[in-house]
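Quick notes on the structure that follows.
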Amino acid sequence: MTIIKELEETIHKLSAKGKGILAADESTGTITKRFEAIGIESSEDNRRAYRELLVTSPDASKYIAGVILFEETLNQKTSQGILFPQALKNLGILPGIKVDKGLIHLANTKDEQVTQGLDGLPERLAEYKAKGACFAKWRAVYAISDQTPSELAIETNAEILARYAAICQAQGIVPIVEPEVLIDGTHTIQRCEEVSEPVLHAVFNALYRHKVKLEYIVLKPSMVISGKACSQKASVDEVAAATLRVLKRTVPGAVPTINFLSGGQSSEQATAHLDAMNKQGPLPWNLSFSYARALQDSCMKTWLGQSKNAAAAQKTFSKRALLNSLAATGKYAEAMEKDEISLAS
Ligand code: 13P
């Protein structure tokens with residue numbers, strides 16, 4: 405198959421209306437923190453069992469088009485002895501892979517960070533592709549303060565995101581481009597908007613310079629939202645309006661799908677915000693989710709590392725995925741949070 409054909413097939417599936425992406429690519433350090441916070445031992449087998457539980461939840465493939473895996477999971481087998489990428493494909497879900505190697509300090513800035521992992525990336529991608537990965541993810545972060553993000557951090561992260569995306573496309577792998585403006589801090593929604601617009605402009609400028617084909621990327625941005633510690637909380641409608649305003653100013657219509665990260669919002673907030681934006685359609689792009697915490701939180705807390713809780717945990721996950729699927733078409737209502745849902749077994 406030609407590279408373009410591969411990219412076309414993958415993006416077509418990832419941008420299916422009413423479907424989103426499950427981010428299950430927490431590094432071992434991150435998932436260990438999340439497990440230990442609720443008393444789950446972070447053994448290799450517990451991580452495997454938990455991720456198998458997520459992807460085999462009833463009806464998952466109706467709501468989830470792709471799952472981002474961490475490298476460890478790419479090499480693990482399900483309890484049926486099937487490697488995860490193949491097990492996902494058998495379910496009709498595309499396997500993806502986190503390829504960045506995390507954050508380091510950006511020299512000559514005050515505590516700003518840049519993402520590393522470009523060295524050896526082509527070779528790693530070839531290996532991941534041979535193991536079944538069809539798409540990849542790279543996350544850049546921008547912290548908001550009075551002085552940050554600096555122009556240096558904005559430009560450096562944009563350049564690196566674009567280089568990553570170009571390398572992925574050259575190998576027939578769809579890149580998820582993830583610029584995350586962090587929710588931490590006391591900033592207002594206005595300040596978040598003021599920062600998010602130049603961040604996205606720089607990213608799309610760099611993607612253009614690096615000749616990245618916008619038709620074959622997934623943009624994974626943060627929403628424009630008030631800081632977690634801000635005393636004036638923006639309403640759902642304010643978040644939807646500000647986020648759409650910034651996206652319309654910065655993201656060309658050639659981009660097929662925008663899949664938000666949840667970034668520390670509660671599960672209910674992340675769903676309500678996505679729904680409110682889709683209710684304001686038609687929009688130039690598919691607008692959906694690529695959540696980790698907002699999809700997994702209640703499921704993980706129901707499971708608690710115990711097999712006797714697995715069925716209930718899966719039901720919790722399926723319900724969250726269904727509600728986000730509805731939000732991805734603007735058909736969610738808060739009252740549905742209390743509804744019992746019937747799922748295929
Ligand atoms: P959250 O939805 O928990 O922000 O995670 C998304 C993600 O993939 C972070 O890189």
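The sequence shown maps to residues 405 to 749 in the working numbering. Just so it is clear, CB atoms sit at the ideal spot from N, CA and C, and this is done for glycine as well.
For the pair K624 and L687, the CB atoms are not nearer than the 7 Å cut-off.
Here H677 is buried. Its C-beta has 16 or more other C-beta atoms within 10 Å. Between the region 586-593 and the region 560-572 there are fewer than three C-beta pairs closer than 8 Å, too few to call the two in contact. If you check the CB distance, A569 and V581 come in under 7 Å. The region 417-427 makes contact with the region 463-476: 3 or more CB pairs, one atom from each, lie closer than 8 Å.
About 4 Å separates the beta carbons of G521 and K505, which is inside the 8 Å limit, making them a contact pair.
In this structure, I571 keeps its C-beta atom at 7 Å or more from the C-beta atom of L611. It is roughly 7 Å from the alpha-carbon of I745 to the alpha-carbon of K723. Each residue's CA atom was taken as its position, placing A557 and T513 some 8 Å apart. Under the 10 Å beta carbon count, R613 is surrounded by fewer than 16 other beta carbons and is classified as exposed. Checking the 6 Å criterion, the Cβ of G521 is out of range of every heavy atom belonging to the ligand 13P. R649 is the residue among S670, R649, Y695 and A715 whose C-alpha sits nearest the C-alpha of G685.
With respect to A658, L618 sits close: the two C-beta atoms are nearer than 7 Å. The alpha-carbon of I629 is positioned some 11 Å away from that of A674. Closest in C-alpha terms to I587, from the list H605, G576 and P553, comes P553. Just so you know, the alpha carbons of H605 and A714 end up roughly 44 Å apart. Taking 7 Å as the cut-off, the Cβ atoms of P660 and I497 do not count as close. In this structure, the straight-line span from the alpha carbon of C596 to that of I548 is close to 7 Å. The criterion of a C-beta distance shorter than 7 Å is satisfied by F721 and S461.
Around the C-beta of S635, fewer than 16 other C-beta atoms lie within 10 Å, and the residue is accordingly described as exposed. Apart from sequence neighbours up to five positions away, the residues of its chain that approach C538 with a beta-carbon distance below 6 Å are T414 and L498, ordered along the chain. For A696, the distance from the CB to the nearest heavy atom of the ligand 13P is below 6 Å. In the structure shown, G433 adopts helical secondary structure according to DSSP, grouped into three states. Within the chosen limit of 6 Å, the ligand 13P reaches the beta carbon of G667 through at least one heavy atom.
Cβ neighbours of E456 within its own chain (closer than 7 Å, five residues either side excluded): T482 and S483. For the region 472-521, the full-length beta strand (DSSP E) segments reaching 3 residues or more read 498-502, 507-509 and 517-519 along the chain.
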